[in-house]
Structure formats: C-alpha cells, structure tokens
Amino acid sequence: MSIFEGKFFMPTISFCSPKGGCGKSTSCILLALEIARRGLSVIIIDSDPKGWLSSWAAIKELPKGIQVRQAAQDELTEAAMDAAEAADYVLVDVEGSDDASIIDAIMVSDLVIVPSQASRPDALGAVQTLKQVRRRSRLLNKDIPARVLMTFTEAGAVEFRITGEVKNILEEAGAPIMSVQLAYRPIFKSMVTFGGDYMDLPKKLQGSSPESARENVGVLAHEISELLKAQFTAAAE
Ligand SMILES: Nc1ncnc2c1ncn2[C@@H]1O[C@H](COP(=O)(O)OP(=O)(O)O)[C@@H](O)[C@H]1O
Ligand SMILES: [Mg+2]
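Counting along the sequence shown from 1, when you hit position 69 you're at 1032 in the numbering used here, and nothing is skipped either side.
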C-alpha cells in the first residue's frame, strides 16, 4: 500500500541544492500535483525570495488540495511546522544560494531531495548539501534521509553517457542516488510557463506523450513514498 492512500504520516520534504536550475522547484511542483491527484492535501512553502514557484501558482487556479505559501528565510521553520498541522504533506522549495534557508529546510525535513543535472557543478552542489544534511542529522540526533535525484535526463531507455559519468562522481563521494530520474520533458517547461497541472495543458503544449511524463512523476512519487515509509517505520521502532 502506498502511503499516499493513508493519512498516518504528515511528512515534510524539502528540495535543496545550492545550484540554481537543477530542477528543485519543478520537482517540487510535480510531486505536489501527484499528491493532490491521489486525493491528499499538500502545502508548498516557497522560501525563494524570487517567488518563482508562487508565480507558477498565481497563473491559474491550483488543483484541489494544493496550497502555496510564501515564507521569508526567517519564517521558513515556523511556516513549515504550521503547514505540517494543516496538510497531509509539506514540500519546501528553497533558494539555491541561501545557505541559511537550506539549513532551516533540512532541519524541518523528514526527507531531503537533492536534484542534480548530469553536470559536475550540480554534482558538487549535491555533495555539499548531503554533507549539510549529515551534519544537521548529527546535531539533532535525528536521522534525516537525503537522496540525489538526477534531473534533465534522457527520457528514453538509453542513458546519456554523461549521466553515468556524473553518477560515478556522486557515488565516489558516497552520495545516495534515487533509482528514478526526472527526464527532460518540454511538457514540464510548458507547465511552469502556462501554470496549473501539466496534464491540463492544451494538447499542442503537451508534447507527444503526456502519459509517459505522468508515469515518470508517478514513479518518482512512489520511490519517495517508499523512502518515507522506511523512515517512519524505523522511527516508530
Ligand atoms: N525535467 C524538466 N524538463 C524540462 N524542463 C525542466 C525540467 N526541470 C526543470 N526544467 C526547467 O528548467 C528551469 C530550471 O528549473 P527549476 O526547477 O526552476 O530549477 P531550480 O528551482 O533548481 O532553480 C525551469 O525553466 C524549468 O522549467
Ligand atoms: Mg527554484
């Protein structure tokens, strides 16, 4: 059973990396849409002062179950904790370059997703974030799992050679990488441009296979729910 079907956990998941453009806000929106599709509620905390995610939210009426709240860096912790009392899921989107936000987001999280394109700067940024997570876990004496999500990858079955090379850099640095990858898909770009849910876009903006995009996001949500399940089971023991 997927934990999306039950309401026993109210997890907080943050999307962190010091590297801009690695796919934090996009992955955050995609996961929120998938949670809402399963009939659950989700609050996204947008703590990026540029308010990029909030501007996506303002274009169209959001699907039922999704709320976006903006929070300045010094409000992030409280905003996330308040949201956890009001929704099934809380997702925190942070600004890449703001170290203080990343640390605050890590500290309120049950899971940290670290998106990384297949490039060296992204991988190095990811390793830096994972180190911060380990340091905070230790300080708080709380296990905070973190996983690298490879983004902008090839949508087909064949992996770009560079993706493999960058995964090697990450693995050598001891970084745990998710099995699922978020592929580069124009439909996701259209979503942030035209607002709302990518599955509701006009056909001409959906590309050739919206269903495969949806499947990709479904697999991402499933892997995240499995990680959370393991995390909560361990914590309950
Ligand atoms: N999987 C993807 N497929 C297509 N475009 C993407 C994908 N992920 C992100 N983008 C686009 O790349 C840009 C940067 O992504 P974004 O999620 O804003 O990164 P970050 O929040 O880490 O800065 C945005 O214009 C977004 O639309
Ligand atoms: Mg962003």
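Built from N, CA and C at the ideal position, the CB exists for glycine as well.
Query	Result
Can isoleucine 1065 and valine 1057 be called in contact, C-beta distance under 7 Å?	yes
What three-state label does DSSP hand proline 981 in the structure shown?	coil
Please say whether tryptophan 1019 and glycine 1119 have beta carbons closer to each other than 7 Å?	no
Take lysine 1152 as the anchor and find which of Ala1138, Gly1170, Ile1006 and Glu1135 has the nearest alpha-carbon.	Gly1170
Using the C-alpha atoms, what's the distance from threonine 1116 back to asparagine 1131?	15 Å
According to DSSP, simplified to helix, strand and coil, what is arginine 1001?	coil
At the level of alpha carbons, what is the spacing between proline 1108 and leucine 1074?	5 Å
Can you give me the start and stop residues for the beta strand (DSSP E) that arginine 1098 sits inside?	Where arginine 1098 is concerned, there is no enclosing beta strand (DSSP E), although the alpha helix (DSSP H) it sits in stretches over 1083 to 1103.
Regarding valine 1129 and ligand 1, is the C-beta to nearest heavy atom distance less than 6 Å?	no
Could you tell me the distance, in whole angstroms, from the CA atom of serine 977 to the CA atom of alanine 1068?	6 Å
In the stretch 1126 to 1198, which residue ranges form an unbroken alpha helix (DSSP H) of at least 4 residues, counting only runs that do not cross its ends?	1149 to 1157 and 1166 to 1169
Please report the distance separating the alpha-carbon of serine 1188 from that of aspartate 1009.	22 Å
Could you please give the first and the last residue of the uninterrupted beta strand (DSSP E) stretch that includes alanine 1109?	1109 to 1116
Can you name, in chain order, every residue of its own chain whose Cβ lies under 6 Å from the Cβ of alanine 1081, other than the five neighbours on each side?	Ile1125, Thr1126 and Val1129
Hey, how far is the Cα of aspartate 1163 from the Cα of lysine 1027?	13 Å
Can lysine 987 be considered in contact with ligand 1, in the sense that its beta carbon sits closer than 6 Å to one or more heavy atoms?	yes
What residue range does the alpha helix (DSSP H) around aspartate 1045 cover?	1039 to 1047
So what's aspartate 1106 in DSSP terms, helix, strand or just coil?	coil
By Cβ distance below 6 Å, which residues in the same chain neighbour leucine 1016 in space, the five residues on each side in sequence not counted?	Ser988, Asp1009 and Asp1056
Can you tell me whether DSSP reads leucine 993 as helix, strand or coil?	helix
Once DSSP output is grouped into helix, strand and coil, what is the label at glutamate 968?	In this prediction, glutamate 968 scores a pLDDT of 46, lower than 50, which makes its location untrustworthy; the coordinate-derived value is nonetheless stated afterwards. Glutamate 968 falls in the helix class under three-state DSSP.
Between Asp1061, Thr1156 and Leu1145, which lies nearest to serine 1175 when the distance is taken from Cα to Cα?	Leu1145
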